[in-house]
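First the structure, in the form of structure tokens, and then the observations on it.
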Amino acid sequence: MSNEHIVKYKNLSEMPEVVISSSTMLWNHTGSWRYIRPRYVNKVPPCNQGCPAGNDIENFVGLIQQGKTEEAFMVLKEENPFPRTCGRVCYHPCETACNRARFDRSVAINALERFAGDHAPKNYTIKKQRPDSGKRVAIIGSGPCGLAAAYHLSRLGHSVTVYEKLDRPGGLLRYGIPEYRLPKDVLDSEINDIIKLGVDIQCRKEVGKDIGWQGLKEFDAVLIATGVHKNKKLGIENETALGVVAGLELLKSIAQKMPLDLGPKTVVIGGGNTAIDAARCALRLGSEATILYHRSRAEMPAFVDELDEAEKEGVVFNILSQPVRVITENGRATGIEMRKTRLGDPDESGRRRPEPVPDSEFVVPASTIVTAIGESPDLAFLPPDVLLKWGKIIIEKFGLTKHPGVFAGGDVALAEQNVAVAIGSGKAASMAIDAYLNGADINSAAERLVIGNHGQASMSAYLKTGNAHSNNRSSKMVVPFEDINLNHFEKFERSKIPKLKLADRKQNFNEVHRGITKSAALLDANRCFHCGVCTMCDNCFVFCPDISITHSPNKWGYDINYDFCKGCGICVKECPRSAMIMEDEK
Ligand SMILES: Cc1cc2nc3c(=O)[nH]c(=O)nc-3n(C[C@H](O)[C@H](O)[C@H](O)COP(=O)(O)OP(=O)(O)OC[C@H]3O[C@@H](n4cnc5c(N)ncnc54)[C@H](O)[C@@H]3O)c2cc1C
Ligand code: SF4
Ligand code: SF4
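Residue 67 is where the sequence shown starts when you use my numbering, and the numbers rise one by one after that.
Okay, here's the thing in structure tokens:
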């Protein structure tokens, strides 16, 4: 409106007469004019839906914001036994999903998870949720999937035995991901919580060798979580020569503190996690490291951050080249013959297919050649009715196989291979096993266990232990960015994750990423919109023109007095975080 239309009164007498009531208007139930009404709805924040481990992110971030870090840790532990581990190695798809990413930058959820994990209460106890059931569950494999399932099953009252073929529990968290990304004392602290619950982890017990499938008959249910560890072959001449090693073998030797002698020049073939970690380890062991990969860098399956760090540390990337043969002298590898490639049409994975360039061969000298083009499962021990597709166990929702009482999860069954997915699938399988042991229908239960419309399994939903700020959300609606009222938020710089200086990473396995400080954690937690969750910010209370919104005297939140709410919807419009909806009058 332009200024010329604004009428300015010099004194009271100039003002027109207006109608005011001199007695109560409470008899006038203006609510009867309404045909739509506002309602508070606890929706699903996109970050929660994006977390494969099923963490209640909005809840724990809110607790950090309030300075309640120890409570934040306990909230994380309800859903996931490995917050310290995930806070270091998870690829944080939650941050990609975070609504704040479209405003300035996503909330630093991964760093906050690590912060809560590293600031756990001094003496905390993970409580059992149910008394002993008398049922026994065997878990094959002690990686993140098997251990997450063991943790939840034990809390659900079942007796759990984990069989692990290697010397110590942890799977690839111990024998794959190197110390400079995941210190093993951190991993041990989280595994200890699982042991303290009474889970029996039997190491050096390989199912199929030390104990047969028949030996598991005494258990009421079995979970297969054996991962993928069989090195895929290059299929080239002299592949078995001395000096050619599998990526996981190299990483395992380092984890066991008996690193292989690599000599001065290590060449790594592959572009996934194993390849990048093998190359970074080679540098730390004093060797030069070159990665040879048949597509371009953009197609490498490894996490972009890891690629960047590897490059900064001095790993050389020789892309668009494929191995032809290993060159040997007296049975020992001395180099590898490679051929240039160019990218053709996309293959079934959606990535552009590498095509050989004729007459483009070249030789890369090497004292060690590390092969890391992928791993596959070793499932020789399985009974015939557990079916496989593309070498992996076929499972339905929540890890069910066709064999009654047998479940599977993690890398051995899923196409997506990462820690949070393995943890989430172990948790989902634990719920399915619990339902199976109790004679309940797993599929109908699954409907109420997931967060969001295609989300992850929630233990607090399963146990119905949530509060207003928990996964026990009253709606499966996921809050889109467009529903956030940005007028109520200011841009604010995201916390930077401190890293070890490049010079300090040489010849040692010290952790590269460092934790954020308390003040940085508070500032970042403060950036959270709390999408779809009422924080009692009072906006609705202040904006309601009918004074129909009041603080609830006995519970968290507000009451709406529908006798006087005319259904104008201002409260819903002004809610910063889309924690209200307008719905038709019934
Ligand atoms: C080098 C490397 C780095 C990685 N980095 C990351 C990362 O930074 N972030 C991320 O999210 N993911 C990462 N991943 C992927 C991630 O580690 C896996 O997806 C995850 O560990 C899979 O968990 P899992 O429990 O299914 O299997 P695993 O962790 O593989 O555990 C399976 C366990 O089963 C045991 N086992 C196998 N067969 C038997 C048997 N017959 N009897 C008894 N025990 C058996 C194995 O010894 C092993 O301990 C990485 C993987 C590798 C190889
Ligand atoms: S586990 Fe991964 S996806 Fe889940 S909250 Fe942590 S960083 Fe995010
Ligand atoms: S702003 Fe907060 S609640 Fe919303 S998606 Fe991001 S972390 Fe989750």
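C-beta: ideal position from N, C-alpha, C; glycine also.
Under the DSSP assignment, V472 falls outside any alpha helix (DSSP H), being part of the beta strand (DSSP E) whose first and last residues are V472 to A474.
Contact between the region 184–204 and the region 438–453 is absent: fewer than three C-beta pairs spanning the two stretches fall below 8 Å. According to the DSSP assignment, N125 belongs to the alpha helix (DSSP H) that extends over I123 to Q131. Counting of Cβ neighbours within 10 angstroms places K493 among the buried residues, the total reaching 16 or more.
A direct Cα-to-Cα measurement between P111 and R643 gives close to 10 Å. When the Cα atoms are used, R240 and L386 turn out to be separated by approximately 32 Å. For D500, the number of other beta carbons within 10 angstroms of its own is at least 16, and it is reported as buried. Between P147 and A214 the beta-carbon gap is near 6 Å, inside 8 Å, which marks them as a contact.
In this structure, DSSP gives F464 a helical state, which the three-state scheme calls helix. Within 10 angstroms of the beta-carbon of C637 lie 16 or more other beta-carbons, which makes it buried.
Counting C-beta atoms within 10 angstroms of its own C-beta, C269 has fewer than 16 neighbours from the protein chains shown and is therefore classed as exposed. In terms of Cβ geometry, V599 and A569 do not form a close pair [threshold 8 Å].
Going by C-alpha positions, Y101 is about 57 Å away from T292. Selection around ligand 3 by beta-carbon proximity, strictly under 5 Å to any non-hydrogen atom, yields P111, P112, C113, E124, C164, N165, R166, V173, C594, F595 and C597 in chain order.
Under the 10 Å beta carbon count, E284 is surrounded by fewer than 16 other beta carbons and is classified as exposed. Taking C-alpha positions only, H71 is separated from V84 by approximately 20 Å. If you compare the alpha carbons of E136, L178, R154 and M81 with that of R593, the shortest gap goes to L178. Scanning its chain for C-beta atoms nearer than 7 Å, with the 5 sequence neighbours on each side dropped, one finds around G116 the residues P159, C160, T162 and A163, in chain order.
In the DSSP assignment, Q115 falls within the unbroken alpha helix (DSSP H) covering P112 to G116. When rounded, the separation of the alpha-carbon atoms in D629 and S98 is 7 Å. In the same chain as I615, and ignoring 5 residues on each side of it, the C-beta atoms closer than 7 Å to its own belong to C606, F607, Y624, I626 and C637, in chain order.
For S199, the CB contacts under 6 Å within the same chain, skipping 5 residues up- and downstream, are G223 and H224 in chain order.
A straight-line Cα-Cα distance of about 45 Å links G440 and E556.
Considered as a whole, the region 265–294 harbours 266–268 and 287–290 as its complete beta strand (DSSP E) runs of no fewer than 3 residues, in chain order.
Within the same chain, no residue comes within 8 Å of A364 by CB-CB distance, once the 5 residues on both sides are set aside.
Classified as buried, I357 has 16 or more neighbouring CB atoms from the shown chains inside 10 Å of its CB. For M543, same chain residues with a beta-carbon under 6 Å away, outside a window of 5 residues either side, are K109 in chain order. Following the DSSP letters along the chain, one finds D650 inside the beta strand (DSSP E) bounded by residues M646 to D650. DSSP places M404 inside the beta strand (DSSP E), whose first and last residues are R398 to P412. The beta-carbon distance between V478 and I459, rounded to whole angstroms, is 6 Å. This is short enough to meet the 8 Å contact definition. A distance below 8 Å separates the beta carbons of Q522 and G120. A direct Cα-to-Cα measurement between S415 and M366 gives close to 12 Å.
Ranked by Cα distance from E427, the first of T601, A527 and V392 is V392. The three-state reading of DSSP puts E303 in strand, counting E and B together. Around the beta carbon of I86, a 10 Å sphere encloses fewer than 16 other beta carbons of the protein chains shown; the residue is thus reported as exposed.
Using a cutoff of 7 Å, the CB of E179 counts as near ligand 2, since one of the ligand's heavy atoms is closer than that.
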